[in-house]
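What follows is a single structure, written as structure tokens, with notes after it.
Protein chains: 2
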Amino acid sequence: MKPCLVLLVALSLQAAVAEWSYQTSWYEKARQDKVARGTVWPQPRSIDTTSVRYYLDPRNFRLEADSSSAAVSDPECKEVVDHALSRYGELLFWIPEEDRAGVDGDETLDKLVLTVTSGCTRYPSLESDESYSILVSSDGATLRAQTAWGALRGLETFSQLIYGENGKHVVNGTSISDSPRFPHRGIMIDTARHYLPLPFILHHLDAMAYNKMNVLHWHIVDDQAFPFQSTTFPDLSGKGAYTRKHVYTPDDVSQVIEFARLRGIRVIPEFDSPGHMMSWGQGHPEILTRCYPTSFQPDIYYLGPANPARETTYTFMRKLFEEIRELFADEYFHVGGDEARFQCWKIKEAFHIRLEGAKLNRNDGWELPKSYLPLLRKEADGGEEDPRTEAQKQLVIGGEACLWAEWVDSTNFIPRMWPRASAVAERLWSPQDVADSEAASPRMEEQRCRMVRRGIPAQPQGPSYCEYEWNILSQLPNYRPVITSSGPRVTEGLFHIMFLNALVLAVVKCLA
Amino acid sequence: MKPCLVLLVALSLQAAVAEWSYQTSWYEKARQDKVARGTVWPQPRSIDTTSVRYYLDPRNFRLEADSSSAAVSDPECKEVVDHALSRYGELLFWIPEEDRAGVDGDETLDKLVLTVTSGCTRYPSLESDESYSILVSSDGATLRAQTAWGALRGLETFSQLIYGENGKHVVNGTSISDSPRFPHRGIMIDTARHYLPLPFILHHLDAMAYNKMNVLHWHIVDDQAFPFQSTTFPDLSGKGAYTRKHVYTPDDVSQVIEFARLRGIRVIPEFDSPGHMMSWGQGHPEILTRCYPTSFQPDIYYLGPANPARETTYTFMRKLFEEIRELFADEYFHVGGDEARFQCWKIKEAFHIRLEGAKLNRNDGWELPKSYLPLLRKEADGGEEDPRTEAQKQLVIGGEACLWAEWVDSTNFIPRMWPRASAVAERLWSPQDVADSEAASPRMEEQRCRMVRRGIPAQPQGPSYCEYEWNILSQLPNYRPVITSSGPRVTEGLFHIMFLNALVLAVVKCLA
């Protein structure tokens with residue numbers, strides 16, 4: 001009995017001490033000023049920060065393209081760079097004028113000089129070089145990149161280095177060398193289950209740029225609705241969209257592509273087939289398979305997947321894909337392949353129509369005639385199974401955060417997606433060994449408050465506060481921005497729980 | 001064997017038919033125009049709708065108070081009524097001018113005449129009469145209520161009767177007699193875990209009014225932060241708020257109370273004690289109990305619940321509660337009582353300090369000295385156990401939808417709360433037998449799209465669309481409102497699943 005008592009007392013004391021340390025550490029963490037300032041998300045490949053401070057005067061600071069470099073001399077580069085310098089010029093400073101403190105007498109930085117060393121392409125691609133380097137020192141601030149796309153990534157990073165302190169904008173002496181781990185870092189949006197207004201999609205591209213995401217995978221149509229306005233087959237949206245105004249015109253699509261391009265973001269559309277095509281059947285029932293529940297009543301049927309047994313189906317798809325390939329600039333597009341219900345095809349085989357001209361592969365997809373194979377090949381190579389062997393892992397080009405929209409539209413999309421997708425962004429950009437979530441927590445807190453400050457309502461990660469609370473809904477005259485330093489996330493008392501478990505086990509053992 | 005085969009075939013056919021009817025019905029429901037139009041949420045006690053249509057001309061239609069009634073003659077009524085007529089005048093019509101169709105030649109309604117038959121009080125209370133009746137007929141439109149509070153409920157209902165059709169605002173001949181099932185229909189907000197900007201709280205009071213919710217339960221302070229600026233004890237927020245700007249001044253509180261009052265909403269503050277008071281200890285550690293993990297080290301302690309063993313604690317609380325009672329107009333306030341950790345008090349008892357002057361009841365709360373009993377009594381009577389007997393059920397005065405804010409702030413509050421809380425609103429307002437969720441679904445769809453249209457981003461309930469999609473974030477010049485008819489919610493194929501289950505069971509049985 002005595003050893004049991006000793007054990008119980010010891011464990012009780014340990015539990016009490018754990019409770020105490022949990023209470024004090026949790027509360028102190030919530031209070032202390034050891035917040036993340038001027039950290040970068042996603043974490044760069046290599047970053048060295050000194051304690052030397054440089055101050056920036058919002059009235060004087062300039063973002064400048066090095067005129068001797070491709071940033072100015074190459075028109076493809078210049079266009080993207082000029083647009084970015086203008087955008088980031090607005091993002092660098094956020095402290096309202098009435099709260100600013102002067103920086104006369106402080107050591108100031110006057111400008112950031114941007115150099116692009118290689119040529120540029122009009123559109124970003126899977127092969128684009130996104131590397132850049134930044135140096136902030138007493139010699140000034142420089143940003144060097146191979147391409148305009150790297151310049152964009154570097155400008156985003158530079159904008160994150162700046163933090164606010166006592167009314168001043170500050171950046172520490174820093175040296176960064178950065179490039180992404182994976183070239184394909186995407187977000188998938190679903191505009192079929194709920195229509196996302198065009199301005200919302202554009203707004204969301206900004207959120208992606210703030211996290212260095214570079215692919216918008218646009219799952220544009222599905223069973224419920226066909227909002228894409230095809231000029232080849234106007235009845236697709238004419239009869240398949242939710243309403244005549246819940247559509248994306250070719251002009252809308254071009255706007256998305258252009259807005260994305262200027263942010264180094266590729267737009268890859270997905271026209272899912274042969275399943276998930278019910279909305280196509282509103283305007284074009286002839287391309288879908290008639291599924292007969294029973295052969296006794298040939299007049300009763302519902303429409304299922306695309307009909308692989310008719311040559312006209314392939315003609316239709318080819319024409320549509322040609323239009324899509326013309327409109328969407330990217331080299332790739334996604335043909336879906338999700339959840340094609342074979343039951344319907346088998347019933348038809350049993351009852352009416354023989355399958356011709358299509359082969360069904362073992363992953364519930366289908367092989368289109370040879371003319372489409374090049375488009376599919378990349379998908380089939382790496383897309384459909386988790387990579388297990390080293391050889392397979394070498395084939396991985398990146399990943400995506402996908403937000404299916406059955407329960408999501410513009411009312412709740414952004415807080416649901418962010419800052420969750422920021423974690424995906426870092427996994428895909430930063431080196432594999434950047435994997436310590438405790439260390440990442442204050443950086444994510446700063447990134448989420450930064451996004452809120454920039455007009456992206458990323459949701460909170462635990463009791464906390466932001467320098468700028470989300471207040472954009474306010475139209476009332478008594479609006480006051482709340483300006484304070486950001487706080488760290490409160491951590492959970494895991495040890496607390498462990499000790500209690502040990503106590504329970506000890507009691508049980510002693511009593512047994 | 002033969003009966004098994006027959007069973008299998010029969011079940012297969014049934015499954016196929018179910019699949020077919022699921023497919024067609026789901027898709028047709030998503031397409032058809034049998035949407036809810038001009039329905040009311042929450043469902044009134046008694047409502048009769050005819051098929052006779054009356055058209056409203058936004059340029060001419062008037063909301064008018066009957067000058068012979070208290071609506072005009074009683075100053076207390078007049079103030080609330082005038083404000084409401086102005087607000088609802090803005091809410092009745094939403095079709096943009098460029099999309100409107102003229103109503104000349106149609107049978108029109110010119111005005112709604114509002115009559116308040118009894119006197120009014122300045123503030124709403126638990127005993128307020130919220131009943132009203134509406135009549136829309138060829139004789140015109142009338143709204144009668146006993147009090148200004150009933151007038152508010154009636155105006156909200158009338159605004160919901162109006163629907164859009166082919167560019168016209170329409171209301172059908174209707175007769176309504178309505179009053180709430182429960183008098184206390186609340187929303188609890190938590191402004192301690194995350195600070196909610198003042199304009200956001202005001203904005204949210206509108207959302208409540210659209211759903212006839214009438215109590216704002218304001219859980220204003222807690223462990224993490226003390227944002228309430230007390231004039232009696234300025235260090236409470238001075239040292240306990242997240243920052244000096246994450247506070248609610250007495251003026252802020254008065255604004256909330258006034259904004260709520262004009263919407264017939266009571267504001268009941270909660271200053272949770274004796275637990276959850278850690279932020280109080282920042283400015284006033286002397287009112288909290290020192291919890292000693294071990295008696296061997298009297299200098300090591302953390303702060304726990306309020307210290308019941310000191311008279312000064314009660315003096316402090318009394319002074320604070322007196323200030324609160326002066327500032328907050330309602331007869332009631334909530335003292336919390338949540339999760340007071342006895343462990344700390346017991347350790348102290350064992351080691352240092354005897355408990356004096358406080359009795360601990362079995363629900364982890366505490367009894368304050370007699371002067372506070374009247375405030376607590378209502379809480380203890382009905383608040384702490386689920387009502388089981390008929391006698392207990394008679395004591396229930398209502399309910400609340402509570403949104404604890406560890407993971408919630410203004411970025412995600414509204415879509416998380418709405419339209420979920422609309423369901424709570426109906427359970428508390430409408431008769432007990434209004435409980436058919438299938439029938440309610442199109443009405444909820446209309447209510448959620450209505451809220452979105454009015455600037456409340458209530459989230460979707462399944463693949464669907466709204467006349468006005470949430471588009472307020474857009475600052476871009478290419479903004480276009482999307483105006484179409486609303487669609488019904490897509491239902492799940494429950495029968496489909498049931499048949500498949502039956503099939504599996506049949507197979508198993510046959511093989512066994």
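Residue numbers (the UniProt record's numbering), protein chains in the order written: chain X, 1 to 512; chain Z, 1 to 512.
We put the beta carbon where it would ideally sit given N, CA and C, even for glycine.
From a predicted model like this one, the values you see are computed outputs, not experimental measurements.
Interface partners of residue i on chain Z, CB under 7 Å
i, result
"X:A458", "T411"
Residue i to residue j span [Cα, whole Å]
i, j, result
"X:A101", "X:E64", "25 Å"
"Z:G399", "Z:S125", "15 Å"
"X:G304", "X:K346", "12 Å"
"Z:H217", "X:E323", "56 Å"
"residue 523 of chain Z", "Z:L85", "Absent from the model: residue 523 of chain Z. The displayed extent of chain Z is 1 to 512, so no value can be given."
"X:S46", "X:Y132", "11 Å"
"Z:K212", "X:R261", "47 Å"
"X:H184", "X:C4", "59 Å"
"Z:V434", "Z:A440", "9 Å"
"Z:T491", "Z:S159", "Model confidence at Z:T491 stands at a pLDDT of 30, short of 50, so the residue's coordinates are unreliable; what they give is reported in the following sentence. Computed Cα separation, rounded: 28 Å."
Closer than 8 Å at the beta carbon, the chain X residues around residue i
i, result
"Z:V452", "T411"
Where the beta strand (DSSP E) through residue i begins and ends
i, result
"Z:G140", "G140 to A145"
"X:I300", "Here X:I300 belongs to no beta strand (DSSP E), and DSSP marks it neither H nor E."
"X:E400", "G398 to L403"
"Z:K115", "The residue asked about is misnamed: residue 115 of chain Z is Thr in this sequence, not Lys. It spans K111 to V116 - the beta strand (DSSP E) in which Z:T115 sits, taken as one unbroken run."
"Z:R62", "R62 to A65"
"X:V215", "V215 to H219"
"X:M188", "H184 to D190"
"X:I176", "K168 to D178"
"Z:G283", "Not the beta strand (DSSP E): Z:G283 falls in the alpha helix (DSSP H), residues W280 to G283."
CB contact below 9 Å: residue i versus chain X
i, result
"Z:I189", "no"
"Z:T147", "no"
"Z:Y132", "no"
"Z:Y332", "no"
"Z:I265", "no"
"Z:G487", "For Z:G487, the pLDDT reaches just 26, beneath the cut-off of 50, and the residue's location in the model is therefore unreliable, although a value from the coordinates is still provided. Chain X, which has a Cβ nearer than 9 Å to the Cβ of Z:G487, makes this yes."
Interface residues of chain X facing residue i [CB-CB closer than 9 Å]
i, result
"Z:E469", "H194, Y195, L196, P197, F200, H246, D409, S410 and T411"
Proximity test, Cβ basis, 9 Å: residue i and chain Z
i, result
"X:R416", "yes"
"X:I268", "no"
"X:Y242", "yes"
"X:G238", "no"
"X:I47", "no"
"X:I220", "no"
Chain-ordered neighbours of residue i on chain X, where CB pairs are closer than 7 Å
i, result
"Z:T289", "The contacting residues do not exist; Z:T289 stays about 12 Å from chain X at best."
"Z:Y163", "In chain order: nothing, as chain X lies at least about 16 Å away."
Cut-off 6 Å between Cβ atoms - residues of its own chain near residue i, not counting five sequence neighbours on either side
i, result
"X:W149", "P124, S128, E130 and G264"
"X:I201", "V256"
"Z:Q447", "W41 and S422"
"X:R31", "Reliability fails at X:R31, whose pLDDT of 49 lies under 50, so the model's placement of it is uncertain and no value is given."
Bounding residues of the alpha helix (DSSP H) (the contiguous stretch that carries residue i)
i, result
"X:D82", "P75 to L91"
"Z:A423", "R420 to W429"
"X:D206", "L198 to Y210"
"Z:V256", "P250 to R261"
"Z:W41", "That residue, Z:W41, is in no alpha helix (DSSP H); it is neither H nor E in DSSP."
"Z:M317", "E311 to L327"
"X:T157", "A148 to L161"
"X:E270", "Run containing X:E270: none in the alpha helix (DSSP H); it sits in the beta strand (DSSP E), R266 to S273."
"X:L236", "D235 to G240"
Contacting residues, own chain, Cβ-Cβ under 7 Å from residue i (five flanking each side not counted)
i, result
"X:Y27", "Low per-residue confidence applies at X:Y27: pLDDT is 49, beneath 50, and the placement is therefore not dependable enough to give any value."
"Z:S69", "T115, V116 and T117"
"X:E406", "R193"
"X:P250", "Q229, T231 and L327"
Proximal chain Z residues relative to residue i, where beta-carbon distance stays under 9 Å
i, result
"X:E406", "P460, G462, P463 and V490"
Residue i CB to nearest heavy atom of the ligand GTP below 8 Å
i, result
"Z:E79", "For the ligand GTP, the structure offers nothing, since it holds no ligand at all."
What are the residues in the stretch 171-203 of chain X lying within 9 Å of chain B by C-beta distance? This model lacks chain B altogether, as its protein chains are X and Z.
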